[in-house]
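A quick write-up on the structure given underneath.
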Amino acid sequence: MDKTVETAAEAVADIPSGVTLAVGGFGLCGIPAVLLQALLEQGAGDLAVVSNNCGVDDWGLGLLLQERRGGRGAGGVTGSYVGENKESARQYLSGELEVELTPQGTLAERMRAGGSGIPAFYTATGVGTQVADGGLPWRYASDGQVALASPAKEVRSFAGRDYVMEEAITAEFGLVRAWKGDRHGNLVFRASARNFNPLVAMCSRITVAEVEELVEPGELDPDLIHTPGIHVQRVVALTAEQTAAKRIEKRTVR
Numbered sequence: 002m003d004k005t006v007e008t009a010a011e012a013v014a015d016i017p018s019g020v021t022l023a024v025g026g027f028g029l030c031g032i033p034a035v036l037l038q039a040l041l042e043q044g045a046g047d048l049a050v051v052s053n054n055c056g057v058d059d060w061g062l063g064l065l066l067q068e069r070r071g072g073r074g075a076g077g078v079t080g081s082y083v084g085e086n087k088e089s090a091r092q093y094l095s096g097e098l099e100v101e102l103t104p105q106g107t108l109a110e111r112m113r114a115g116g117s118g119i120p121a122f123y124t125a126t127g128v129g130t131q132v133a134d135g136g137l138p139w140r141y142a143s144d145g146q147v148a149l150a151s152p153a154k155e156v157r158s159f160a161g162r163d164y165v166m167e168e169a170i171t172a173e174f175g176l177v178r179a180w181k182g183d184r185h186g187n188l189v190f191r192a193s194a195r196n197f198n199p200l201v202a203m204c205s206r207i208t209v210a211e212v213e214e215l216v217e218p219g220e221l222d223p224d225l226i227h228t229p230g231i232h233v234q235r236v237v238a239l240t241a242e243q244t245a246a247k248r249i250e251k252r253t254v255r
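So the sequence shown is residues 2 to 255, counted in the working numbering.
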C-alpha cells in the first residue's frame with residue numbers, strides 16, 4: 002500500500018510519448034511544477050495535454066509547450082484558457098499547436114465524467130454557438146486559414162430546452178499537487194489549489210501526486226480527505242525548497 006516514490010524523476014520515468022496527460026492547477030495555483038520539470042527533463046513528447054490552462058511561458062506547462070512537447074498528432078491541448086501564455090498562443094495561431102478550447106465548467110464535468118465511467122452527458126452550455134454547431138478553429142495553417150475545425154455535436158431537447166452532448170475525458174497519466182498526502186495516496190488540497198486537481202486524479206489511469214507534506218496513514222482526518230487513495234498510484238514528497246518555489250501569476254500593488 003505504500004505508494005511513495007523517492008524522486009519526481011522516478012515517478013514520471015515511464016510516461017511515454019504520444020499519450021494523453023492531464024495536469025491539475027488553475028493558472029499557477031496548485032500546479033505540479035516539480036513533476037512537470039521532471040517530465041521536461043525525461044523527454045516525453047507528442048503529448049495530448051488536458052489542463053484548464055497552459056500556465057505561463059517560463060513555468061509549469063509553459064515549459065513543455067515551449068519545447069514543443071504538446072503535439073498535433075496526439076491532439077495538442079484541451080483546455081479552457083490559454084491567454085497568459087504568449088508562446089502557446091503564437092504556436093496556435095501559426096499552426097504549430099492544436100488547441101481544443103472548452104467552456105471551463107464543461108471541461109471540469111468532462112473530466113469528472115471520465116473518472117466516473119460516464120461516457121458522455123448533456124449540458125446547456127454552448128448551445129447555439131460554435132461549441133455545439135462546430136467551426137471552432139482547432140488548428141490553423143501557416144497562412145492563417147483554419148486547417149482543422151471542431152465538428153458539430155449532437156443536440157437534443159429535454160423538457161423543451163436544447164442541450165449539447167459532450168464526451169468524457171480520460172487520460173493515461175495525470176499529474177497533481179496536494180498540500181498533504183499519506184503513503185496510501187489519500188490527498189488534501191489547500192484552499193483554491195483544490196481546483197482541477199481532484200478531477201485530474203479521477204480521470205487518469207495512473208495519477209502521480211507531488212505533496213508538500215507527507216504524513217503516515219491514519220493521520221489525515223477521513224472527513225477532510227478530498228481525493229481518496231484509490232485514485233492515486235504514486236506519491237512524491239517535496240523538499241522544503243520545492244514546496245516554497247511557488248510563483249505569482251499576476252502581481253498587483255496598490
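Just so you know, even glycine gets a beta-carbon here, dropped at the ideal spot from N, CA and C. Since the structure is predicted, the reported quantities are computational estimates derived from the model, not experimental observations.
- Beta-bridge pairing by DSSP links Pro138 to Ala150.
- A Cβ-Cβ distance of about 26 Å is found for the pair Val57 and Glu214, leaving them out of contact under the 8 Å criterion.
- If you draw a 10 Å sphere on the C-beta of Gly44, you find fewer than 16 other C-beta atoms in it, and that means exposed.
- Between the C-alpha atoms of Cys30 and Glu155 there is a straight-line separation of about 34 Å.
- Boundaries of the alpha helix (DSSP H) around Thr107: 105-117.
- Listed in chain order, the non-local C-beta contacts of Glu101 below 6 Å within the same chain comprise Thr79, Trp139, local neighbours out to five positions each way being set aside.
- The beta-bridge partner set that DSSP reports for Gly182 consists of Leu188, Leu215.
- Close CB contacts of Pro199 within its chain, under the 6 Å cut and outside five residues either way in sequence, are with His227, Thr228 (chain order).
- DSSP, read as helix, strand or coil, puts Val50 in strand.
- Judged by beta-carbon spacing, Val13 lies beyond the 8 Å limit of Leu48, meaning their Cβ atoms are not closer than that value.
- Of Asp15, Val132, Gly63, the smallest CA-CA separation from Ser89 is found for Gly63.
- One alpha carbon belongs to Gly84, the other to Gly161, and they sit about 36 Å apart.
- Contact holds between the segment 176-190 and the segment 205-220, because three or more Cβ pairs, one in each stretch, are under 8 Å apart.
- Selection Ser18, Val237, Thr107 evaluated against Val165 yields Thr107 as nearest (Cα-Cα).
- Taken through DSSP and simplified to helix, strand or coil, Asp224 comes out as helix.
- If you draw a straight line from the Cα of His232 to the Cα of Ser205, it is about 8 Å long.
- For Tyr82, no beta strand (DSSP E) segment is defined, and its DSSP state is neither H nor E.
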